[in-house]
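Enquirer:
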Amino acid sequence: MDSLNQAKNLIERAQTILILPSQEMSGDILATALALFFTLNKLGKIANIVVDEIPEKFQFLSDWRPRTSNDFVISVDTTGKEISEMRYEKGENVLKVHLALSKGELRANNVSLSTISQKPALLITVGVRELDDLGNFFEQNPRLFYETTILNIDNHPANQNFGHVNLIDVNSYLAEILTNLIKLMESEDNVIFDENIATCLLTGLVSASQNFRNSKTRPQTFETSAYLIEKGGNHQKIIQHLYKQKSVAQINLLGRILEKLGFDEEKELYSASLTEKDFQDSQALPKDLSLVIEELRFNFRYLPNLLILWESHTSSPLIKGVFYTTKTDLIDKILQNYEGTAKGEGILFTAKEKDLALAKQNLLNIL
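So the sequence shown is numbered by the numbering used here: it starts at 164 and just counts up by one.
1. Using only alpha-carbon positions, find the residue among I287, I497, G503, A177 that is nearest to N528.
2. Assign S436 to one of two classes, buried (16 or more other C-beta atoms within 10 Å of its C-beta) or exposed (fewer than that).
3. When the Cα of V260 is compared with those of G267, I237, R270, which residue comes out closest?
4. Rounding to the nearest angstrom, what Cα-Cα distance links L264 and E248 in this structure?
5. With C-beta atoms as the reference, is E170 less than 8 Å away from V291?
6. With DSSP collapsed to three states, give me the class of E302.
7. From which residue to which residue does the alpha helix (DSSP H) around N168 run?
8. Which of the three DSSP states is assigned to T179 in this structure?
9. Given a cut-off of 8 Å, decide if K244 and K266 are closer than it, judged by their beta-carbon atoms.
10. Sort out for me which residues DSSP pairs I331 with in a bridge.
11. What's the C-alpha gap between T195 and V369?
12. Drop a sphere of 10 angstroms on the beta-carbon of D484, count the other beta-carbons inside from all chains shown, and report buried for 16 or more, exposed for fewer.
13. Going by other Cβ atoms of all chains shown within 10 Å of its Cβ, with 16 needed for buried, is K394 buried or exposed?
14. Going by the beta-carbon positions, is the gap between P467 and T488 smaller than 8 Å?
15. Please state whether the Cβ-Cβ distance between K517 and I482 is less than 8 Å.
16. Just the Cα atoms here: how many angstroms apart are A447 and D332?
17. Here's a check: name, in chain order, each residue in its chain whose Cβ is nearer than 7 Å to the Cβ of S166, leaving out the five neighbours to either side.
18. Mapping DSSP to helix, strand and coil, what is N468?
19. If I measure Cβ to Cβ from P320 and keep anything under 8 Å in the same chain, skipping five residues before and after, which residues do I get?
20. Going by C-alpha to C-alpha distance, which of F442, K450, E431, G507 sits closest to L544?
21. Can you tell me whether DSSP reads G509 as helix, strand or coil?
22. Is it buried or exposed, N318, if we count other Cβ atoms within 10 angstroms and call 16 or more buried?
23. Give me the Cβ distance between F426 and P382, rounded to the nearest whole Å; I'm assuming they're in contact under 8 Å.
24. Mapping DSSP to helix, strand and coil, what is N353?
25. Apart from the five residues on each side of it in sequence, which residues of its chain come closer than 6 Å, Cβ to Cβ, to G396?
26. Going straight from the alpha carbon of R284 to that of I246, what length do you get?
27. Bridge partners for I210 per DSSP, in chain order?
28. On the CB-based measure, 16 or more other CB atoms within 10 Å of its CB, does G254 come out buried or exposed?
29. Quick check on S232: does DSSP put it in helix, strand or coil?
30. Buried or exposed: which applies to K205, given that a residue is buried once 16 or more other Cβ atoms fall within 10 Å of its Cβ?
31. Using DSSP with H/G/I as helix, E/B as strand and the rest coil, what is R419?
32. Label K523 either buried or exposed according to how many other C-beta atoms from any shown protein chain fall within 10 Å of its C-beta, with 16 as the threshold for buried.
33. Once you ignore the five residues that flank K515 on each side, which residues in its own chain have a CB closer than 6 Å to its CB?
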């Protein structure tokens with residue numbers, strides 16, 4: 164059995180879980196740990212994270228606070244069920260919690276009460292190369308690590324493989340590893356991804372890759388980011404908090420391009436097509452493309468080909484495009500078939516067609 168399935172089985176069997184991110188807290192580590200926390204909550208687990216403080220720029224992800232020993236947790240196993248409404252009544256000597264289900268049935272044995280002071284059945288370390296990376300917590304609780312099952316999630320080549328299950332991928336960001344694990348745990352009857360979880364994971368990718376500019380960023384990372392945006396990841400919100408140099412319209416437009424980005428494996432080509440409505444929804448103008456495309460050039464500098472097409476209505480309707488490539492013969496092919504201006508590894512051109520889909524197809528045939 165591979166490590167992803169082993170990790171899935173550990174999580175499914177455990178009810179109380181403690182998440183332990185490395186004290187060397189990076190954005191990828193913190194965002195992945197928070198995404199894991201929200202995922203476990205959604206699975207009906209009793210979970211907590213050992214974090215002293217969440218840095219200010221990441222506080223937009225959550226109003227999470229550490230649970231204390233005075234916290235009691237009411238857990239509801241929602242497997243095969245959907246809770247459509249929750250409310251409570253607080254009387255003088257009683258508290259009633261009302262749950263309305265839109266799917267499935269709820270029985271008494273689906274509900275449990277516990278405190279966070281319970282000994283966890285599973286420890287999940289995030290971005291921890293060796294247990295000493297946990298600092299005081301490991302020093303003060305050494306027996307816990309020898310008596311409790313450990314799931315070790317990391318991407319560092321020097322990881323000591325101290326877990327009972329070691330989910331290590333040195334070629335991926337931590338957020339990518341957890342995304343793959345959640346995909347495995349999710350089913351039609353048990354939907355896990357939501358806006359909160361997807362935004363946390365997308366934050367991990369953006370932070371770790373320096374907004375996709377890091378040399379470790381692979382094509383799979385762009386595919387994962389597009390998947391998380393589809394699941395509700397708020398790229399605009401992330402960039403506003405982590406970077407803040409672009410206008411809201413430009414951030415919106417960049418998010419729209421990332422959402423529409425597709426990959427042609429045969430031609431090694433990333434491409435996106437923008438309609439007039441995309442500009443309207445982003446509250447952006449074609450002139451905003453300049454900064455956005457410049458950023459995409461950095462994001463995709465390790466990829467051979469990038470094509471962006473858009474509808475331009477400055478006068479008569481036109482399809483315009485920009486194409487970046489390391490292959491000069493491809494630029495020559497476009498110049499032979501379209502009016503355009505080439506500069507360095509890029510070319511700005513006007514398509515003959517009036518339809519985006521047709522323009523893209525004809526370009527692909529030429530390339």
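Cβ coordinates follow ideal geometry from the N, Cα and C atoms, glycine included.
Expert: Let me lay it out:
1. In the sequence shown, counting from the first residue as 1, residue 528 sits at position 365. The shortest Cα separation from N528 among I287, I497, G503, A177 belongs to I497.
2. Translated into the one-based positions of the sequence shown, residue 436 becomes position 273. Answer is buried; the Cβ neighbour count reaches 16.
3. As a working mapping, residue 260 is identified with position 97 in the sequence shown. If we check each option's Cα against that of V260, I237 comes out closest.
4. Here residue 264 corresponds to residue number 101 of the sequence shown, with the count starting at 1. Here residue 248 corresponds to residue number 85 of the sequence shown, with the count starting at 1. L264 and E248 have their C-alpha atoms spaced approximately 7 Å apart.
5. If you number the sequence shown from 1, residue 170 lands on position 7. If you number the sequence shown from 1, residue 291 lands on position 128. It is worth fixing the name first, because residue 170 is Ala in this sequence and not Glu. Cβ distance not < 8 Å, so A170 and V291 don't count as in contact.
6. If you number the sequence shown from 1, residue 302 lands on position 139. Helix at E302.
7. Translated into positions along the sequence shown, residue 168 becomes position 5. Segment 166 to 176, the alpha helix (DSSP H) holding N168.
8. Translated into the one-based positions of the sequence shown, residue 179 becomes position 16. Of the three classes helix, strand and coil, the one that applies to T179 here is strand, per DSSP.
9. Within the sequence shown, the letter at position 103 stands for residue 266. Within the sequence shown, the letter at position 81 stands for residue 244. At the C-beta level, K266 and K244 come within 8 Å of one another.
10. One-based indexing of the sequence shown puts residue 331 at position 168. DSSP links I331 through a beta bridge to D317.
11. The sequence position of residue 195 within the sequence shown is 32, counting from 1. The sequence position of residue 369 within the sequence shown is 206, counting from 1. Whole-angstrom Cα-Cα distance: 12 Å.
12. The residue you call residue 484 lines up with position 321 of the sequence shown. Checking the sequence, you will find Gly at residue 484 rather than Asp. Buried is the call here.
13. The residue given as residue 394 occupies position 231 in the sequence shown. Buried, by the Cβ-count rule.
14. Stepping through the sequence shown from its first residue, residue 467 is reached at position 304. Stepping through the sequence shown from its first residue, residue 488 is reached at position 325. Against a cut-off of 8 Å, the Cβ pair of T488 and P467 comes out as a contact.
15. Numbered from 1 along the sequence shown, position 354 holds the residue referred to as residue 517. Numbered from 1 along the sequence shown, position 319 holds the residue referred to as residue 482. Closer than 8 Å, so yes.
16. In the sequence shown, counting from the first residue as 1, residue 447 sits at position 284. In the sequence shown, counting from the first residue as 1, residue 332 sits at position 169. Cα-Cα distance, rounded: 39 Å.
17. Counting from 1 along the sequence shown, the entry for residue 166 is found at position 3. Taken in chain order, the residues that qualify are V328, N329, L330.
18. Here residue 468 is taken as the residue at index 305 of the sequence shown, counted from 1. Strand at N468.
19. The sequence position of residue 320 within the sequence shown is 157, counting from 1. Taken in chain order, the residues that qualify are V333.
20. This structure does not reach residue 544, given that the chain is present from 164 up to 530, and the question cannot be answered.
21. To locate residue 509, count along the sequence shown from 1; it is residue 346. Note: G509 maps to strand in three-state DSSP.
22. Sequence index remark: in the sequence shown, residue 318 carries index 155 (1-based). It counts as buried.
23. Residue 426 sits at position 263 when you count from the first residue of the sequence shown. Residue 382 sits at position 219 when you count from the first residue of the sequence shown. With 8 Å as the limit, F426 and P382 qualify as a contact, their Cβ atoms being about 6 Å apart.
24. On the sequence shown, residue 353 is found 190 positions in, with the first residue counted as 1. Residue state, collapsed to three classes: strand.
25. Here residue 396 corresponds to residue number 233 of the sequence shown, with the count starting at 1. Correct list, in chain order: A361, T362, L365.
26. Residue 284 sits at position 121 when you count from the first residue of the sequence shown. Residue 246 sits at position 83 when you count from the first residue of the sequence shown. Note that residue 284 is Ala in the sequence shown here, rather than Arg. Just so you know, the alpha carbons of A284 and I246 end up roughly 26 Å apart.
27. The count along the sequence shown starts at 1 and reaches residue 210 at position 47. According to the sequence provided, residue 210 is Ala. The question's Ile does not apply to it. As a beta-bridge residue in DSSP terms, A210 pairs with I180.
28. The sequence position of residue 254 within the sequence shown is 91, counting from 1. Exposed.
29. Here residue 232 is taken as the residue at index 69 of the sequence shown, counted from 1. The predicted position of S232 is uncertain, since its pLDDT is 42 and thus under 50; a value taken from the coordinates is nonetheless stated next. Looking at S232 - three-state DSSP - the assignment turns out to be coil, as it is neither helix nor strand.
30. If you number the sequence shown from 1, residue 205 lands on position 42. Here K205 is buried, its C-beta having at least 16 other C-beta atoms within 10 Å.
31. Counted from its first residue, the sequence shown places residue 419 at position 256. Correct three-state label for R419: helix.
32. For the purposes of this step, residue 523 is identified with residue 360 of the sequence shown, where counting begins at 1. Buried: at least 16 other Cβ atoms inside 10 Å.
33. Here residue 515 refers to the residue found at position 352 when the sequence shown is read from its first residue. None.
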